[in-house]
Each structure stands twice: as structure tokens, then as C-alpha cells.
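Below you'll find the structure, written out as C-alpha cells, and then a few comments.
In this note's numbering, the protein residues as written are 159 to 469.
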């Protein structure tokens with residue numbers, strides 16, 4: 159058990175508390191829906207989906223969140239403006255949870271964020287993400303909107319080391335001459351959620367995971383990642399999966415516990431259909447952290463914490 163001496167910020171994002179020391183708040187779990195290749199998407203351009211199956215997935219995440227005490231968010235992915243609007247409406251009609259607006263297309267992300275302003279959902283929106291690939295048009299749009307919460311991606315394409323990730327946040331890179339945390343201040347992001355930018359195993363995944371602890375120590379902002387992407391892209395495991403699918407699933411889910419034990423406050427755990435196995439595993443780790451914090455430093459977890467709900 160460890161305690162960060164740096165002040166740890168806890169942000170209220172759409173009614174969900176994100177941040178703090180280990181054991182202080184439960185880990186927030188973010189499931190992704192409508193991602194590329196998701197079987198429930200019938201027509202990605204039109205936003206046509208299998209609504210019954212999608213609803214079941216959302217409800218399962220809600221139920222797991224209620225059971226364990228781990229708050230949930232939904233990562234909504236689309237490459238098309240009209241589809242993004244449909245998806246956001248659909249999610250908002252099923253849950254009060256915050257949601258991440260995600261796309262590989264900056265224009266879709268911006269359009270999605272503006273749409274949440276129009277329909278009164280902006281307080282629940284998390285922009286995903288601010289990164290060194292941001293164009294002037296995207297930055298100016300964000301400066302105009304001045305939305306307060308965004309994922310800040312510590313990805314350095316030239317340097318995957320911890321020093322490289324720090325540079326992205328603090329001073330910028332050769333191609334992007336401003337640190338992303340400074341940029342956040344300029345454009346009105348007062349609740350930055352630092353994503354350590356998980357890269358492939360063998361290409362910086364270890365440093366990305368370790369940066370969880372470093373970022374919490376230096377900045378105090380909430381930190382997390384999509385750590386599951388590392389084992390999911392592991393060539394050996396993908397081959398082994400052909401003969402042992404359970405091993406693949408175990409590695410995918412267990413990877414979340416690596417960064418959680420380093421202080422991660424939120425986990426982008428991947429496909430939302432994994433909620434049934436991710437939530438119990440993360441709740442277990444949260445119980446360990448909370449028990450240690452309570453016994454060793456007198457930090458009392460909230461009533462909603464897995465430590466209080468599941469023991």
C-alpha cells in the first residue's frame with residue numbers, strides 16, 4: 159500500500175467521482191460500444207444497430223456497477239456525425255452514466271460534443287481525446303466550446319519512454335510545441351483525465367503502465383488507460399488463443415489489475431460485453447486497496463465502495 163504525497167484531485171464528471179488515492183474512491187470502469195467490427199452495428203454510417211442486444215449490454219454494465227459499487231461510463235465510438243448523434247441519444251435514453259465521445263475523426267468528435275450541448279447532455283460528456291495529433295481546427299473548436307472534461311492522451315510517437323510521455327504533457331514534442339496540460343488550461347479543460355497511452359507489448363507497454371504511478375505522483379490528476387489493448391495485441395497470445403480462448407480472456411481482464419494497483423482511477427476495459435467479468439475483478443482489487451488504506455492510514459472508503467458493498 160502507498161499514499162501519494164502530491165494532492166490528488168477528485169473530479170465530478172456527470173455525477174461520477176474520478177480520482178484520489180488508492181482506496182479513496184472506487185475505480186471507474188468504461189466499456190466501449192459501437193466500436194469498429196462490433197457485431198451489434200448493422201450499418202455504421204447510418205447508425206443502425208441491434209437495439210435489443212445493445213440495450214442488454216448497457217443494462218448489464220449498469221447492474222454490475224450497482225452490484226459492485228464501481229461507477230461506470232460508456233465509451234461511444236463512431237466515424238460518422240449522424241450515427242454519433244443516434245448513438246448518444248440511445249445511450250442517454252438508457253443510463254444516466256457519463257459517456258466518452260470517441261472517433262478516429264476529429265470532426266466527428268467535435269460534432270458529437272456540440273450535439274451534447276444542443277440536447278442538454280454536455281455535463282455528462284468526456285471528450286476523447288486531446289493528443290499531439292490535434293489540428294489547429296480541432297483546437298480552435300475546443301477553445302470555442304470550452305468543455306471542461308477530456309481524456310488527455312500521453313502518447314509520444316517519437317519516444318515511448320516515461321520521459322517521452324512526460325514531455326507530451328509538460329513541454330510538447332518536435333511536431334507539437336505545447337504541453338497538453340498547458341493546452342488544456344488554454345481551452346478550458348479543468349478536469350483532465352490522463353490516459354497513459356498503452357502501446358504494444360515490446361513497444362513501450364511497460365513504460366505506459368508504469369507511467370500510471372509516475373503521473374499520479376507528479377500531477378495529481380486522475381489517471382487511467384486502456385491497458386487491455388496490450389495483451390489483446392500480443393502476437394503470441396493471439397496465436398495461443400486459437401487453442402485456449404480462456405487464456406486470452408484471462409490476460410485481457412487481468413491486465414486491468416496491473417495499472418489499478420499502481421493507482422489508476424479509471425479503466426477503459428474494452429468491449430462492454432466484458433462487464434460481467436471485469437467488474438468483479440476490479441472490485442476485488444479495490445477491496446484490497448481500501449482495506450489497506452483503512453488499516454494503515456485511516457482512510458475510510460465511501461459507503462458506495464466495493465469494500466462496503468461486498469464485504
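Don't be surprised by glycine CBs; every beta carbon is placed ideally from N, CA and C.
Delimiting residues of the beta strand (DSSP E) encompassing residue i
| i | result |
| --- | --- |
| residue 414 | No beta strand (DSSP E) holds residue 414; the alpha helix (DSSP H) holding it covers 403-418. |
| residue 200 | 199-201 |
| residue 350 | 349-353 |
| residue 429 | 424-429 |
| residue 177 | 174-177 |
| residue 302 | Not the beta strand (DSSP E): residue 302 falls in the alpha helix (DSSP H), residues 294-303. |
| residue 383 | 381-383 |
| residue 171 | 168-171 |
Backbone CA spacing between residue i and residue j [nearest angstrom]
| i | j | result |
| --- | --- | --- |
| residue 423 | residue 167 | 11 angstroms |
| residue 181 | residue 160 | 10 angstroms |
| residue 395 | residue 301 | 42 angstroms |
| residue 319 | residue 295 | 29 angstroms |
| residue 147 | residue 404 | There is simply no residue 147 to check, as the chain begins at 159 and stops at 469 in what is shown. |
| residue 265 | residue 271 | 10 angstroms |
| residue 256 | residue 229 | 10 angstroms |
| residue 245 | residue 269 | 13 angstroms |
| residue 306 | residue 454 | 35 angstroms |
| residue 197 | residue 468 | 33 angstroms |
Backbone secondary structure at residue i - three-state DSSP
| i | result |
| --- | --- |
| residue 400 | coil |
| residue 273 | helix |
| residue 231 | strand |
| residue 226 | helix |
| residue 462 | coil |
| residue 283 | strand |
| residue 334 | coil |
| residue 193 | coil |
| residue 238 | coil |
| residue 188 | strand |
| residue 288 | strand |
| residue 206 | strand |
| residue 316 | coil |
| residue 359 | coil |
| residue 263 | coil |
| residue 392 | coil |
| residue 160 | coil |
| residue 213 | helix |
| residue 165 | coil |
| residue 183 | coil |
| residue 247 | helix |
Cβ neighbour criterion (16 or more within 10 Å) applied to residue i
| i | result |
| --- | --- |
| residue 413 | buried |
| residue 324 | buried |
| residue 282 | buried |
| residue 357 | buried |
| residue 187 | buried |
| residue 316 | exposed |
| residue 447 | buried |
| residue 304 | exposed |
| residue 459 | buried |
| residue 170 | exposed |
| residue 540 | Residue 540 is absent from the structure shown; the chain starts at 159 and stops at 469. |
| residue 276 | exposed |
| residue 200 | exposed |
| residue 243 | buried |
Selected residue, minimal CA-CA separation from residue i, among the options
| i | options | result |
| --- | --- | --- |
| residue 445 | 178, 183, 173 | 183 |
| residue 192 | 159, 209, 236 | 236 |
| residue 209 | 364, 174, 273, 248 | 248 |
| residue 342 | 332, 333, 355, 326 | 326 |
| residue 429 | 285, 384, 308, 354 | 384 |
| residue 339 | 289, 366, 361, 371 | 289 |
| residue 205 | 220, 406, 240, 436 | 240 |
| residue 162 | 437, 370, 435 | 370 |
Element boundaries [alpha helix (DSSP H), containing residue i]
| i | result |
| --- | --- |
| residue 364 | 363-376 |
| residue 339 | 338-345 |
| residue 257 | Element bounds for residue 257: not the alpha helix (DSSP H) but the beta strand (DSSP E), 257-260. |
| residue 311 | Per DSSP, residue 311 belongs to no alpha helix (DSSP H); it is in the beta strand (DSSP E), 307-311. |
| residue 322 | 320-328 |
| residue 444 | 433-455 |
C-beta neighbour in chain B for residue i, strict 8 angstroms
| i | result |
| --- | --- |
| residue 299 | Here chain B cannot be found, since the structure has a single protein chain. |
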